[in-house]
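So the protein lines, in turn, are chains A and B. Residue 126 in full-length UniProt numbering is what sits at position 126 of the first sequence, and the numbering runs on without skipping anything. Residue 172 in full-length UniProt numbering is what sits at position 172 of the second sequence, and the numbering runs on without skipping anything.
There are 2 protein chains.
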Amino acid sequence: MFCLFFLFFLNLISFQNINAMLLFRRCHSLTRLGPLNTQRHQVAPAVVSCAVRLCSSSSSSEDHRSHQHVHSVSWKHGLAGLLAGTGAVLAYGLHHHKAERADIGVQTIEKSSSLPVFSQEEVTKHRSLENGIWVTYKGGVYDITEFVAMHPGGDKILLAAGGALEPFWALYAVHNQEHVLEILSEYKVGELSLEDLKKQQAVKSSDPYSSDPERHPVLHINNLKPFNAEPPPEILSDSYITPSAFFFKRNHLPVPQVDPASYQLHVEGLPGGTLTLSLEDLKTRFPKHTITATLQCAGNRRSEMNKVKQVKGLNWGIAAISNATWSGALLRDVLLAAGYKPDVAQWARHVQFEGLDTDVTGTTYGASIPLNKAVSEEGDVLLAYQMNGEDIPPDHGFPVRVVVPGTVGARNVKWLGKIVVSADESSSHWQQNDYKGFSPGTDWDTVDFKSAPAIQELPIQSAITTPADSAEIDRSEETLTVKGYAWSGGGREVVRVDVSLDGGKTWQVAQLRSGDKGQAPEPSPPTGRAWAWKLWEITAPLPPDARELEIVCKAVDNSYNMQPDTVPPIWNLRGVLSNAWHRVTVKIREDESEE
Amino acid sequence: MFCLFFLFFLNLISFQNINAMLLFRRCHSLTRLGPLNTQRHQVAPAVVSCAVRLCSSSSSSEDHRSHQHVHSVSWKHGLAGLLAGTGAVLAYGLHHHKAERADIGVQTIEKSSSLPVFSQEEVTKHRSLENGIWVTYKGGVYDITEFVAMHPGGDKILLAAGGALEPFWALYAVHNQEHVLEILSEYKVGELSLEDLKKQQAVKSSDPYSSDPERHPVLHINNLKPFNAEPPPEILSDSYITPSAFFFKRNHLPVPQVDPASYQLHVEGLPGGTLTLSLEDLKTRFPKHTITATLQCAGNRRSEMNKVKQVKGLNWGIAAISNATWSGALLRDVLLAAGYKPDVAQWARHVQFEGLDTDVTGTTYGASIPLNKAVSEEGDVLLAYQMNGEDIPPDHGFPVRVVVPGTVGARNVKWLGKIVVSADESSSHWQQNDYKGFSPGTDWDTVDFKSAPAIQELPIQSAITTPADSAEIDRSEETLTVKGYAWSGGGREVVRVDVSLDGGKTWQVAQLRSGDKGQAPEPSPPTGRAWAWKLWEITAPLPPDARELEIVCKAVDNSYNMQPDTVPPIWNLRGVLSNAWHRVTVKIREDESEE
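Right, dumping it as structure tokens:
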């Protein structure tokens, strides 16, 4: 417990210059030396998974409520970082240690009816580390002060201090697991008065995801709340423009319900003051601009990194990437209308976006892009109100989203509410402490998120959509057709895809297409504005003696960037930027009559 | 001989639609079946090297003399391509075959004094394939008609038709080899009249390289004429700004002597007609703009590809890259002064550059870049008249060169004479049939230069400058310091260099610097305008048990592009874009007293 108290001490005196990381690592070492490693490791995956989801939905420090103001911002960030990583494992270890000691006590508490009864007013007094952190859950009162530093989701837990857990657990469905209830039970200190319990139930929290749209059943769901899903890979190469229903979904929060009639977009940070635009304004005051652009999640193909060593994040396959047409006003035009002039670039460097999707604290999703991308005549950044020729579907940002072609999905903010021209990047969690790449040698003990740039343009990427891994092919088929996609960030056009049937020893060049078969290809884009992927295909004779083929693809863009050969050297703790050669292995089934 | 005659036939009837490549491949197969493979292979390297140099200096089709007009352009290009590659090997094989048959005859011819005497007037009549191709060399007259198609340097040989070989051989010093004289001797048909021989000697051809500047003796020379050299790698990491004397030299032709007082730069292709500027105009009419930019040859690190399989080109080590400051007028400003307006972009796509360096035919070095790079406010393309604060040295383009930051060296045209805004890329050999990347599966039989884009931006690159490969380190030193450079094209900033001491199993992050030690680093460039390299360094403890270390480096740019792991999958027949992880192996010498 020494280290926990030390951390609290740190917090209380706002001792910002001491490296909390180092201290926490000392704690970690202590835990490692304890007798509970086995048990800790057994439960670690669940806790890590929990940490992942909470962390990827955690808010920035901009919008915290008054009861949090006792904490120094730097401490909170430090702790959140710690808890999100090895911290999660550690937290469970620490907790478990306590649990074991208190084992008999827990049983007693659970079954006892002699616990005191507290009013909501009394509970509400306990919302700081000084006074203790109390919460209620289904009529029980829990003193979770000691657990705060062990919470895999970081200090987010403090948001519930003095109140009910239910609305938070509804938002972060990961809590609906038995072991979470087990942990909670240990901290029970009393019962909520029947009167107050009834009041609580009267304002029953609704599931914030209950208004999420329906989705196509073919999607492979990586996470339900918030909704994250990808289409089956073979669907991707079926059509050059991905139908919206199949377009991968990547939500960080519940889908907000936005009334298009009252929708407002605020543009701030420019000399002329705030410009507010309605949807109608966007559609009528600015020329409609249409582009075809591929969006890709930074975590696409993360599952391949997980096979090397567990990373933090949703376990995406190869289909967290899709291609659509987008129509809307050019961000450049809107910024000009809002007063942007070239001399703004003397102090401004970034354009921040805020979504209308919020967590329970009101924190919105946020991200930013470099100013020069936003204002460039060749940047093609859109405030899009149409996807594939129709209103943007709810999952993709209705009524308005940003489309930043060539840039990682995370900056293409959906349900856009606010644009801020700024000297600084977005201070959001997703810009500052997520979506960054690190060396394979960097772990959660050593990571310094400030040391890496926020991902903007993505590197060259390609994958095999068909055949599927482990597919079997009849020898009698004689030839094999391999299909896939290839794309590069920054408007760099894919100029070649090499395919190997022997694990990378020999290579053939695939045929590229930038349109659907039988239709005219899209016109060749100007240099640096190739925002859309290429689909590719190759039909090759089955090698006569092979029983198994290791099919590999790698793409090249017009800056001649190439994909790295293997996953381990690009492995990183967040599992982003997974763009090594894609490999699938297929078996050749010999004709039985010949065997 | 069947195939040779077939090719001539092709030429004469301008039968452009038949695929000459296929036919030539048939010839190739015939040769392979012949009895002379062993001998052919023995001489192949020299011939290939010759082909390389001639090809890399061959001209475009723009400026051919009248006697060439009988050839169809497409045939010429086809033949040049063929002869430059496997064609070179083939040519020698064909020649050798003929030589063997004529062996006794050759001896007879050489020693005979009964050969006819020809006047220069008579020789000059033989300058077409119809009338035969005759040349003179040191008073001998040679009918080389049959040899033309076998010439490793392609149809360039026709430039000497009807005249003396001496001025051409002076330009392409590769001919000064005994086996070249042997080949020539077989084609002797007479003697030049004494009177005409004296006239020839009177206009004795001078060595076009005789006025080349002196160079620093530390440079490692890859080719003397034209001059191509690189500094020792360890010098590169000694200073952030490479001193001009050590900056790698990459000349395609003799260094022209340009009088700065009479220097003229012509800007063509814009609505206002031609703009002609003096050096003084460039210096006084336009703001002086200074950038720090790294230039890299497309062939940097080609030697590593040669170790996988022989490629065509100069055998560069890791130091065909250097960093300098450049000052001059912005190309954008000059184009605006010459009448460039945004509507020009409706038809123009490229800006072509012509150097003042010429071959004997008057063909200049040429290249082009995309128009949007040239006119972008963020492109920083310079018409530079200063390098490292002084007049640009002769080897680097005195008095004016183009500096296209972020772009392959080959487009940074030196001794700039002309700028042409155009719908088309430069038609030069170097833009069309050189400096392009291909799949490792593409060979000289299958290559289609039209299928690949001209290299512009270069991919992420890094290399270890110290320790040198095979160095020995004393165990008593305890630590090892590894240094190197890292750079990426397109203004993408290097954000990380990973170093491994165990061949890529584990990685550490190196320290980057963008300035010399003890001096303030250069200010961080705006996004997309990081034109200069980073030097990097790491000091790590010697692993206790290792006897040998495989040191590896790999860099990452801010688009998170990464270097490929290994050379074979990026091998290409021209040996360009060699940017796999760089590896050096060092031995650890144990302290003798401990052994």
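Quick reminder that beta carbons are idealized off the backbone N, C-alpha and C, glycines included.
Let me know if Ser476 of chain A comes out buried or exposed under the rule of 16 or more other beta-carbons within 10 Å of its beta-carbon. Exposed: under 16 other Cβ atoms inside 10 Å.
Please report whether the beta-carbon of Asn372 of chain B lies at a distance below 9 angstroms from any beta-carbon of chain A. Yes, Asn372 of chain B lies at the interface with chain A (some Cβ there is under 9 angstroms from its Cβ).
Compute the minimum distance between the beta carbon of Val447 of chain B and the heavy atoms of the ligand NAD, and state whether it is under 8 angstroms. Ligands in the displayed structure: none, and consequently the ligand NAD is not present.
Give the DSSP-derived three-state secondary structure of Asn223 of chain B in the structure shown. Asn223 of chain B falls in the strand class under three-state DSSP.
Which value, in whole angstroms, describes the spacing of the CA atoms of Pro569 of chain B and Lys505 of chain A? If you draw a straight line from the Cα of Pro569 of chain B to the Cα of Lys505 of chain A, it comes to about 8 angstroms.
Do you know how far the Cα of Trp487 of chain B is from the Cα of Ile343 of chain A? Looking at the sequence shown, residue 343 of chain A is not Ile but Asp. Asp343 of chain A and Trp487 of chain B: Cα-Cα distance of roughly 30 angstroms.
What residues match up with Pro370 of chain A in a beta bridge as DSSP calls it? In the DSSP assignment, Pro370 of chain A is bridged to A:His350.
Which residues in the same chain have their Cβ closer than 8 angstroms to the Cβ of His467 of chain A, if we skip the five residues on either side of it in sequence? For the record, residue 467 of chain A in the displayed sequence is Pro; it is not His. Correct list, in chain order: Ile473, Leu480, Val482, Ile551, Val584 and Val586.
Just the C-alpha distance for Leu224 of chain A and Gly317 of chain A, rounded to the nearest angstrom, thanks. Spanning the two alpha carbons is a distance of roughly 16 angstroms.
CB Leu314 of chain B to CB Asn176 of chain B, shorter than 9 angstroms? Not closer than 9 angstroms, so no.
Look at Ala329 of chain A and Tyr240 of chain A and say whether their C-beta atoms are less than 9 angstroms apart. No, Cβ-Cβ distance for Ala329 of chain A and Tyr240 of chain A is not below 9 angstroms.
Taking only the alpha-carbon atoms, compute the straight-line gap between Glu354 of chain A and Ala454 of chain A and give it to the nearest angstrom. Distance between the alpha carbons of Glu354 of chain A and Ala454 of chain A: 16 angstroms.
Residue from B:Glu195, B:Leu535 and B:Leu335 whose Cα sits closest to the Cα of Ile464 of chain B: Selected option, being the one with the closest Cα: B:Leu535.
Can you grab the Cα-Cα spacing for the pair Thr242 of chain B / Ala324 of chain B, in whole Å? Going from the Cα of Thr242 of chain B to the Cα of Ala324 of chain B covers about 6 angstroms.
Do the stretch 350 to 366 of chain A and the stretch 412 to 432 of chain A touch if we need at least three Cβ pairs shorter than 8 angstroms? Yes: the two stretches touch, three or more of their Cβ pairs being nearer than 8 angstroms.
Assign Gly362 of chain B to one of two classes, buried (16 or more other C-beta atoms within 10 Å of its C-beta) or exposed (fewer than that). Exposed, because fewer than 16 other Cβ atoms sit within 10 Å of the Cβ of Gly362 of chain B.
Which residues bound the alpha helix (DSSP H) around Pro541 of chain A? Not the alpha helix (DSSP H): Pro541 of chain A falls in the beta strand (DSSP E), residues Lys534 to Pro541.
Quick one: residues in its chain with C-beta nearer than 6 angstroms to the C-beta of Gln264 of chain B, no 5 flanking neighbours on either side, listed in chain order? Taken in chain order, the residues that qualify are Thr276.
Does the CB of Asp498 of chain A have a neighbour CB from chain B at under 9 angstroms? Yes - at least one Cβ of chain B is within 9 angstroms of the one on Asp498 of chain A.
Could you tell me which of A:Thr442, A:Ile392, A:Lys554 and A:Arg492 sits nearest to Ser439 of chain B, measuring between CA atoms? With distances taken between Cα atoms, Ser439 of chain B lies closest to A:Lys554.
With Asp557 of chain A and Ile460 of chain A assumed to form a contact (beta carbons below 8 angstroms), what rounded beta-carbon distance in angstroms separates them? That belief holds up - the Cβ atoms of Asp557 of chain A and Ile460 of chain A are roughly 5 angstroms apart, short of 8 angstroms.
Short-range partners of chain A found in the stretch 505 to 517 of chain B, where Cβ spacing is below 9 angstroms: The residues in question are Lys505, Thr506, Trp507, Gln508 and Val509.
So with Cβ pairs under 9 angstroms, would you call Leu458 of chain B a contact of chain A? For Leu458 of chain B, a Cβ of chain A is located within less than 9 angstroms of the residue's own Cβ.
Straight-line gap, Val189 of chain A to Glu146 of chain A (C-alpha atoms, nearest Å): If I take the Cα positions, the gap works out to 13 angstroms.
Rounded Cβ spacing between Ile419 of chain A and Glu195 of chain A (contact assumed at less than 8 angstroms): 47 angstroms between Cβ atoms; not a contact.
Any C-beta of chain A within less than 8 angstroms: which residues of the stretch 539 to 561 of chain B qualify? Cβ contacts with chain A come from Lys554, Val556, Asn558, Ser559, Tyr560 and Asn561.
Does the beta carbon of Gln563 of chain A sit closer than 9 angstroms to a beta carbon anywhere in chain B? Chain B contact via Cβ: present.
7 angstroms CB neighbourhood of Ala546 of chain B in its chain, flanking five on each side removed: Excluding positions up to five away in sequence, the list reads Ile588.
Going by beta-carbon coordinates alone, are residue 596 of chain B and Asp212 of chain B separated by less than 9 angstroms? There is simply no residue 596 of chain B to check, as chain B begins at 1 and stops at 595 in what is shown.
Please go through the same chain and pick out, in chain order, the residues whose beta-carbon is closer than 8 angstroms to the beta-carbon of Lys341 of chain B, but skip the five residues on each side of it. The beta carbon of Lys341 of chain B is closer than 8 angstroms to those of Pro271 in its chain, skipping five residues each way along the sequence.
Give me the chain A residues within the contact set of Ser439 of chain B, using Cβ-Cβ distance strictly less than 7 angstroms, ordered along the chain. Contact annotation for Ser439 of chain B against chain A: Arg496, Asp498, Trp507 and Val509 [CB-CB distance below 7 angstroms, chain order].
Host alpha helix (DSSP H) of Thr124 of chain B (start-end): If you look at Thr124 of chain B, you'll find it in the alpha helix (DSSP H) that goes Gln120 to Thr124.
Contacts of Glu378 of chain A in chain B (Cβ-Cβ under 9 angstroms): In chain order: Asn372 and Ser376.
Cβ neighbour criterion (16 or more within 10 Å) applied to Ser119 of chain B: With fewer than 16 Cβ atoms within 10 Å of its Cβ, Ser119 of chain B is classed as exposed.
Kindly identify the DSSP beta-bridge partner or partners of Ile133 of chain B. B:Arg127, per the DSSP bridge assignment.
Contacting residues, own chain, Cβ-Cβ under 6 angstroms from Pro544 of chain A (five flanking each side not counted): Nothing listed; no residue qualifies.
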